[in-house]
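Here the sequence shown is numbered in our numbering, starting from -17 and rising by one per residue. One structure is given here, and the rest of the page talks about it.
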Amino acid sequence: MAAQLSRSSTRQQEIEQTVFEEVSNDQQEEEQTPFILIEKLEQSGISSGDIKKLKEAGFNTVERIAHAMRSEITAVKGISEQKADKLQHEAMKLVPMGFTTAYEVHERRSEVVQIRTGSSTLDRLIGGGVETGCITEASFFMIRF
(Lines of atoms letter the chains of each structure in order from A and count residues from 1; the text may use other names and numbers.)
(Lines give C-alpha, C1' and ligand atoms only; values in the text may rest on other atoms or scores of the structure.)
Protein backbone atom coordinates (compact mmCIF):
# COMPACT_ATOMS: atom_id res chain seq x y z
CA MET A 1 0.00 0.00 0.00
CA ALA A 2 2.82 2.42 0.91
CA ALA A 3 4.56 1.57 -2.38
CA GLN A 4 1.40 2.47 -4.33
CA LEU A 5 1.11 5.81 -2.51
CA SER A 6 4.74 6.66 -3.22
CA ARG A 7 4.29 5.73 -6.93
CA SER A 8 1.15 7.86 -7.25
CA SER A 9 2.89 10.73 -5.46
CA THR A 10 5.87 10.44 -7.82
CA ARG A 11 3.51 10.29 -10.81
CA GLN A 12 1.69 13.41 -9.57
CA GLN A 13 5.01 15.25 -9.24
CA GLU A 14 5.95 14.24 -12.81
CA ILE A 15 2.62 15.55 -14.12
CA GLU A 16 3.02 18.83 -12.24
CA GLN A 17 6.57 19.23 -13.58
CA THR A 18 5.39 18.57 -17.15
CA VAL A 19 2.59 21.13 -16.84
CA PHE A 20 5.01 23.67 -15.35
CA GLU A 21 7.46 23.16 -18.23
CA GLU A 22 4.70 23.53 -20.85
CA VAL A 23 3.47 26.77 -19.26
CA SER A 24 7.04 28.09 -19.06
CA ASN A 25 7.63 27.23 -22.73
CA ASP A 26 4.39 28.97 -23.74
CA GLN A 27 5.41 32.10 -21.82
CA GLN A 28 8.86 32.11 -23.42
CA GLU A 29 7.36 31.73 -26.90
CA GLU A 30 4.97 34.59 -26.19
CA GLU A 31 7.86 36.81 -25.07
CA GLN A 32 9.89 35.96 -28.18
CA THR A 33 7.13 36.68 -30.70
CA PRO A 34 8.36 39.45 -33.00
CA PHE A 35 4.89 40.94 -33.36
CA ILE A 36 1.86 41.65 -31.22
CA LEU A 37 -1.38 39.90 -32.12
CA ILE A 38 -4.39 42.16 -32.62
CA GLU A 39 -6.25 40.48 -29.74
CA LYS A 40 -3.98 42.45 -27.41
CA LEU A 41 -6.07 45.54 -28.25
CA GLU A 42 -8.98 44.06 -26.27
CA GLN A 43 -7.05 45.04 -23.13
CA SER A 44 -7.18 48.64 -24.38
CA GLY A 45 -10.96 48.69 -24.68
CA ILE A 46 -11.39 47.64 -28.31
CA SER A 47 -14.39 45.32 -28.72
CA SER A 48 -13.93 41.72 -29.80
CA GLY A 49 -16.42 42.34 -32.62
CA ASP A 50 -14.23 45.09 -34.07
CA ILE A 51 -11.16 42.88 -33.72
CA LYS A 52 -12.95 40.08 -35.56
CA LYS A 53 -13.87 42.46 -38.41
CA LEU A 54 -10.28 43.67 -38.65
CA LYS A 55 -8.90 40.12 -38.70
CA GLU A 56 -11.29 39.17 -41.50
CA ALA A 57 -9.98 42.18 -43.44
CA GLY A 58 -6.36 41.05 -42.97
CA PHE A 59 -5.32 43.15 -39.98
CA ASN A 60 -3.80 40.44 -37.79
CA THR A 61 -1.21 42.37 -35.80
CA VAL A 62 -1.07 45.56 -33.79
CA GLU A 63 1.85 46.69 -35.97
CA ARG A 64 -0.36 46.40 -39.06
CA ILE A 65 -2.92 48.72 -37.45
CA ALA A 66 -0.27 51.18 -36.25
CA HIS A 67 1.36 51.48 -39.68
CA ALA A 68 -1.84 51.45 -41.77
CA MET A 69 -3.39 54.54 -43.28
CA ARG A 70 -6.65 55.56 -41.66
CA SER A 71 -8.44 55.08 -44.99
CA GLU A 72 -7.37 51.41 -45.02
CA ILE A 73 -8.89 50.88 -41.59
CA THR A 74 -12.12 52.76 -42.36
CA ALA A 75 -12.51 50.62 -45.50
CA VAL A 76 -13.36 47.75 -43.14
CA LYS A 77 -17.14 47.52 -42.85
CA GLY A 78 -18.28 48.70 -39.42
CA ILE A 79 -15.16 50.73 -38.59
CA SER A 80 -15.84 54.47 -38.45
CA GLU A 81 -13.23 57.23 -38.57
CA GLN A 82 -13.51 57.66 -34.79
CA LYS A 83 -12.93 53.93 -34.24
CA ALA A 84 -10.02 53.99 -36.69
CA ASP A 85 -8.44 56.88 -34.79
CA LYS A 86 -8.89 55.06 -31.47
CA LEU A 87 -7.50 51.83 -32.94
CA GLN A 88 -4.42 53.58 -34.25
CA HIS A 89 -3.94 55.53 -31.04
CA GLU A 90 -4.05 52.35 -28.93
CA ALA A 91 -1.85 50.46 -31.41
CA MET A 92 0.77 53.21 -31.37
CA LYS A 93 0.94 52.94 -27.58
CA LEU A 94 1.99 49.29 -27.96
CA VAL A 95 4.27 49.65 -30.99
CA PRO A 96 7.42 51.77 -30.76
CA MET A 97 7.12 54.34 -33.52
CA GLY A 98 9.14 57.36 -34.33
CA PHE A 99 12.40 58.45 -35.82
CA THR A 100 15.87 57.12 -35.17
CA THR A 101 18.87 59.41 -35.29
CA ALA A 102 21.92 58.58 -37.37
CA TYR A 103 23.90 58.33 -34.15
CA GLU A 104 21.54 55.61 -32.80
CA VAL A 105 21.82 53.68 -36.08
CA HIS A 106 25.61 54.00 -35.93
CA GLU A 107 25.65 52.74 -32.33
CA ARG A 108 23.56 49.69 -33.26
CA ARG A 109 25.68 48.97 -36.34
CA SER A 110 28.89 49.19 -34.30
CA GLU A 111 27.62 46.31 -32.14
CA VAL A 112 27.24 44.01 -35.16
CA VAL A 113 29.81 41.23 -35.23
CA GLN A 114 30.98 39.61 -38.44
CA ILE A 115 31.68 35.89 -38.35
CA ARG A 116 34.27 34.61 -40.80
CA THR A 117 33.22 31.88 -43.20
CA GLY A 118 36.60 30.22 -43.51
CA SER A 119 37.04 31.46 -47.06
CA SER A 120 38.88 34.76 -47.41
CA THR A 121 37.45 35.22 -50.91
CA LEU A 122 33.87 34.73 -49.71
CA ASP A 123 34.49 36.99 -46.70
CA ARG A 124 35.74 39.70 -49.04
CA LEU A 125 32.70 39.29 -51.33
CA ILE A 126 30.21 39.70 -48.48
CA GLY A 127 32.05 42.54 -46.78
CA GLY A 128 34.10 40.81 -44.11
CA GLY A 129 31.94 37.89 -43.02
CA VAL A 130 28.41 36.93 -42.07
CA GLU A 131 26.81 39.58 -39.85
CA THR A 132 25.11 38.55 -36.63
CA GLY A 133 21.43 39.43 -36.45
CA CYS A 134 21.06 39.29 -40.23
CA ILE A 135 19.99 36.72 -42.76
CA THR A 136 22.66 36.07 -45.35
CA GLU A 137 21.86 34.13 -48.47
CA ALA A 138 24.30 32.94 -51.10
CA SER A 139 23.86 30.78 -54.15
CA PHE A 140 26.64 29.29 -56.20
CA PHE A 141 26.86 27.53 -59.49
CA MET A 142 29.67 25.60 -61.06
CA ILE A 143 30.72 25.83 -64.66
CA ARG A 144 32.35 22.74 -66.06
CA PHE A 145 34.54 22.93 -69.11
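Heads up, the beta-carbon is just placed ideally off N, CA and C, and yes, glycines get one too. Quantities reported herein were computed from a predicted structural model and do not represent experimental measurements.
query: Is the number of C-beta pairs between the stretch 69 to 81 and the stretch 35 to 47 that are closer than 8 Å three or more?
result: yes
query: From this set, Ile108, Lys59, Gly100, which residue's C-alpha is nearest glycine 40's C-alpha?
result: Lys59
task: Leaving aside the five residues before and after isoleucine -3 along the sequence, list all residues of the same chain whose C-beta is less than 8 Å from its C-beta, in chain order.
output: none
field: Pick from Gln70, Arg(-7), Ile117, Met51 that is closest to isoleucine 20, judged by C-alpha positions
entry: Gln70
task: Determine, using beta carbons only, whether alanine 132 and threonine 56 come nearer to each other than 8 Å.
output: Because the chain here runs from -17 to 127, residue 132 falls outside it and cannot be looked at.
task: Give the straight-line distance between the Cα atoms of lysine 68 and threonine 83, rounded to the nearest whole angstrom.
output: 28 Å
query: Going by other Cβ atoms of all chains shown within 10 Å of its Cβ, with 16 needed for buried, is glycine 80 buried or exposed?
result: exposed
- request: Can you check DSSP and say which residues form a bridge with valine 112?
  value: Ile97
- prompt: Taking C-beta to C-beta, are glutamine 165 and glycine 115 nearer than 8 Å?
  reply: The first residue shown for the chain is -17 and the last is 127, placing residue 165 beyond what the model contains.
query: Would valine 44 count as contacting chain D if we go by Cβ distances under 8 Å?
result: In the structure shown, chain D does not exist; there is a single protein chain.
- prompt: For glutamate 119, is the classification buried or exposed, using 16 other Cβ atoms within 10 angstroms of its Cβ as the cut-off for buried?
  reply: exposed
message: Under DSSP, the alpha helix (DSSP H) around glutamate 86 begins and ends at which residues?
response: 84 to 92
- prompt: Between isoleucine 173 and the rest of its own chain, which residues show a CB-CB distance below 7 Å, the 5 nearest in sequence each way excluded?
  reply: Outside the modelled stretch of the chain, which goes from -17 to 127, sits residue 173, for which no answer is possible.
task: Answer with buried or exposed for isoleucine 125, where buried requires no fewer than 16 other C-beta atoms within 10 angstroms of its C-beta.
output: exposed
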